[in-house]
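Chains as they are written, first to last, in our numbering: chain G, 1 to 249; chain B, 1001 to 1308. The structure under discussion appears below in the form of structure tokens.
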Amino acid sequence: MKILVAVKRVIDYNVKIRVKADHSDVDLTNVKMAMNPFCEIAVEEAVRLKEKGVATEVVAVTVGPKTAQEQLRTALALGADRAVHIETDERAESLAVAKLLAKVVEEEQPGLVILGKQAIDTDNNQTGQMLAALTGLPQGTFASEVAVDGDKVHVTREIDGGLQTIALTLPAIVTTDLRLNEPRYAKLPDIMKAKKKPLDVKTPADYGVEVASKVSLLKVESPAERKGGVKVASVDELIDKLKNEAKVL
Amino acid sequence: MSILVLADLHEGQLAGTTAHVVAAAQAIGGDIDVLVAGEEVQAAAESAAKLDAVSKVRVADNAVYAHQLAEPMGALLVELAGDYTHVLASASTTGKNVLPRLAALKDVSQLSDVLGVESADTFLRPIYAGNAIATVKSDDALKVITIRTTGFDAVGASGSAPIEAVDTVVENTQSSFVKEELAKSDRPELGGAKVVISGGRGMGNGENFKLLDGIADKLGAAIGASRAAVDAGFVPNDMQVGQTGKIVAPDLYIAVGISGAIQHLAGMKDSKVIVAINKDDEAPIFQVADYGLVGDLFEILPELESKL
Ligand SMILES: Cc1cc2nc3c(=O)[nH]c(=O)nc-3n(C[C@H](O)[C@H](O)[C@H](O)COP(=O)(O)OP(=O)(O)OC[C@H]3O[C@@H](n4cnc5c(N)ncnc54)[C@H](O)[C@@H]3O)c2cc1C
Ligand SMILES: Cc1cc2nc3c(=O)[nH]c(=O)nc-3n(C[C@H](O)[C@H](O)[C@H](O)COP(=O)(O)OP(=O)(O)OC[C@H]3O[C@@H](n4cnc5c(N)ncnc54)[C@H](O)[C@@H]3O)c2cc1C
């Protein structure tokens, strides 16, 4: 079985972003970029399925600017076999990304597609679900456990009330939650080897997909800044403040 | 304008989040219908009919909608969406699971986690873990939106809207329900609680979370946790507060043994009053806390419980 993993280039999760002075967007100049943490978990799961003999090949795909190839190389260093880069400098939003991924699914015919549940920049949490709808494949979102069993996959999902397990007919789409696995770090020899692994470059036009969206970004602002308050010296003082100053007790 | 709100269910009953989504629909303006879909959901439909500002409740009661699996729910929404300009759901794990399917099948974008309404086509939503708020305008014919419920005060429950059955039945051969392990608790829901007390890695282990119980009992609080506490297995996943867990905005949030990473702050920094208890006086949580108490939680918690 072939597994397709979608990875996205985002700002590193440790970076605290700043809004541009003209409120047109956030300022990403010289900001450290990395693979979306949920995508790292997706790559790790695919590689583990290959190591267990469930999968035979892992293909990583990204939609984004030329620099997004860095994240594909990371995926290759972590164990993916080859990569597909759909290059665009336009801001591809979830629907366009899902349409492009649907074309790749059609071409590659994977048994399983694994995506992150959300990208930590836009926090949309949509792409996997949209891809499932467009391809007509079943979905298991927010996965904390994935078990392939014959022509089915059992997915345990982190839902608001606890955990839910569903069974999906393969091929299927899975999106990862935090507890699915702990991703490994790429080792230096693997990083070197990854440079020689195949990486195909395509464009949205090759797939006949229009990237433009009907959603426009009017402005970006900083949220109301929260000011730190005071330190209290004792439990008694805390209770007094909560009762008499904040009036929440 | 005509708006369809997908109701959230919790163990077959109407979840509290729905009243917030109706409030968001009210801010957009127009007729508001609520869709209750599931199996044996008559009681939930009756609760939904009481919500203020609702024109009618549509009920799809069929085994195929049990557990609100994504595939049949998405197909049902596609069938019904033709009557509406907007389809809304809360940004719960159900809304997030189902709505993008509707958007994709209608070839429109989805706006996720909307926390403010400027007009019928312009909305505010958080990006980058809430460190920026984007104003976005959608020119799509159908607006598909998930709502961050903390952004809207719930509507009242003094209405009496008519209830109408939806006979659309879709097929689902692709996915099936296997089992559910739901957390059982007598405490209020995290999302709706007036007081939340959360523990982090500083709690040390799951057993120590009991130190929060007595305080939570006295305050009628829900108990939450940081990701680190969940990852370490101290408490289950449904307790995680943060960018990638639950978003809360109670009147009082008490963070115990939590350092205050941006991903955690993203889930609680809109709380009215924040208290932090931490032994490290440099912990970033103190930068957002109204009241900080520096010290050992193992000494502070028992004292707090006895003095409340
Ligand atoms: C109004 C508007 C404002 C925007 N603002 C910004 C902005 O400020 N900064 C910015 O960087 N972008 C911005 N974008 C771009 C855009 O929102 C995202 O790149 C797009 O929505 C992709 O979805 P997501 O990352 O939010 O998907 P999610 O659904 O959150 O991501 C889930 C998973 O989908 C997969 N995935 C998502 N995108 C890709 C991809 N490109 N290639 C491969 N796999 C992928 C990954 O597996 C990921 O883990 C904006 C778009 C719009 C329409
Ligand atoms: C993709 C991604 C998503 C994430 N999503 C979330 C999320 O949704 N929610 C979330 O919470 N995190 C999230 N995180 C994790 C986040 O970055 C932090 O790692 C996490 O919040 C840290 O948890 P903590 O504060 O409990 O632990 P730590 O940072 O280890 O802090 C423990 C604190 O306890 C204090 N302490 C220890 N012992 C005592 C004592 N005896 N008395 C008093 N204080 C004590 C310490 O001083 C310290 O400040 C995410 C991370 C990533 C990469």
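Yeah, the Cβ is synthetic: ideal placement off N, Cα and C, and Gly gets one too.
Query, Result
"Cutoff 9 Å: residue 1267/B Cβ touching any chain G Cβ", "no"
"Rounded C-alpha distance that separates residue 158/G from residue 38/G", "14 Å"
"Check whether residue 1157/B and residue 1143/B have beta carbons under 9 Å apart", "no"
"is_contact[residue 223/G, chain B] using C-beta, thresh 9 Å", "yes"
"Whole-angstrom distance between residue 240/G and residue 1006/B, CA atom to CA atom", "43 Å"
"Classification of residue 185/G by the beta-carbon crowding that lies within 10 angstroms, buried from 16 upward", "exposed"
"Proximal residues to residue 1316/B (C-beta, below 6 Å), its chain only, five neighbours per side dropped", "A question about residue 1316/B goes unanswered here, because the residues of chain B that appear run from 1001 up to 1308."
"Buried versus exposed, by CB contacts within 10 Å (16 or more), residue 192/G", "exposed"
"Distance cut 5 Å, beta-carbon to ligand 2 heavy atom: residue list by chain order", "13/G, 37/G, 1200/B, 1201/B, 1202/B, 1226/B, 1227/B, 1228/B, 1242/B, 1243/B, 1244/B, 1245/B, 1257/B, 1258/B, 1259/B, 1261/B, 1263/B, 1264/B, 1278/B, 1279/B, 1280/B, 1283/B, 1296/B, 1297/B"
"Proximal chain B residues relative to residue 144/G, where beta-carbon distance stays under 8 Å", "1237"
"One or two residues paired with residue 1147/B in a DSSP bridge", "1090/B, 1114/B"
"Chain-order list of residues whose beta-carbon lies under 7 Å from that of residue 1072/B (same chain, five-residue window excluded)", "1064, 1065, 1170, 1172"
"Contacts that residue 125/G makes with chain B (C-beta to C-beta distance below 7 Å)", "1096, 1112"
"Test item: CB-CB of residue 1008/B and residue 1155/B under 9 Å", "no"
"Partner residues on chain B for residue 251/G, Cβ-Cβ distance less than 8 Å", "Absent from the structure is residue 251/G, since the part of chain G shown begins at 1 and ends at 249."
"Under 8 Å by beta carbon: chain G residues contacting residue 1275/B", "238, 242"
"Chain B contact for residue 157/G (CB, 9 Å cutoff)", "yes"
"Straight-line Cα distance separating residue 63/G from residue 1264/B", "29 Å"
"Euclidean distance between Cα positions of residue 68/G and residue 87/G", "8 Å"
"Sub-9 Å separation of residue 1124/B and residue 1116/B beta-carbons", "yes"
"Beta carbon proximity, residue 1093/B to chain G, threshold 9 Å", "yes"
"Limits of the unbroken alpha helix (DSSP H) element including residue 105/G", "94-108"
"Cα-Cα separation between residue 119/G and residue 1261/B, rounded to whole angstroms", "18 Å"
"Interface residues of the stretch 105-138 of chain G facing chain B [CB-CB below 9 Å]", "117, 118, 120, 121, 122, 123, 124, 125, 126, 127, 128, 129, 130, 131, 132, 133, 134, 136, 137, 138"
"Any 3 or more C-beta pairs closer than 8 Å across the stretch 1216-1231 of chain B and the stretch 1195-1208 of chain B", "yes"
"Collapsed DSSP secondary structure at residue 1242/B in the structure displayed", "coil"
"Chain-ordered chain C contacts of residue 180/G [CB-CB under 7 Å]", "The chain labelled as chain C is not found among the protein chains of the depicted structure, namely G and B."
"Test: residue 226/G CB closer than 9 Å to a CB of chain B", "yes"
"Distance between residue 147/G and residue 167/G (C-alpha atoms, nearest Å)", "9 Å"
"C-beta contact flag for residue 220/G and residue 1132/B at 9 Å", "yes"
"Segment contact, 8 Å Cβ cut-off, at least three pairs: the stretch 1105-1114 of chain B with the stretch 1138-1153 of chain B", "yes"
"Span of the beta strand (DSSP E) around residue 9/G", "9-11"
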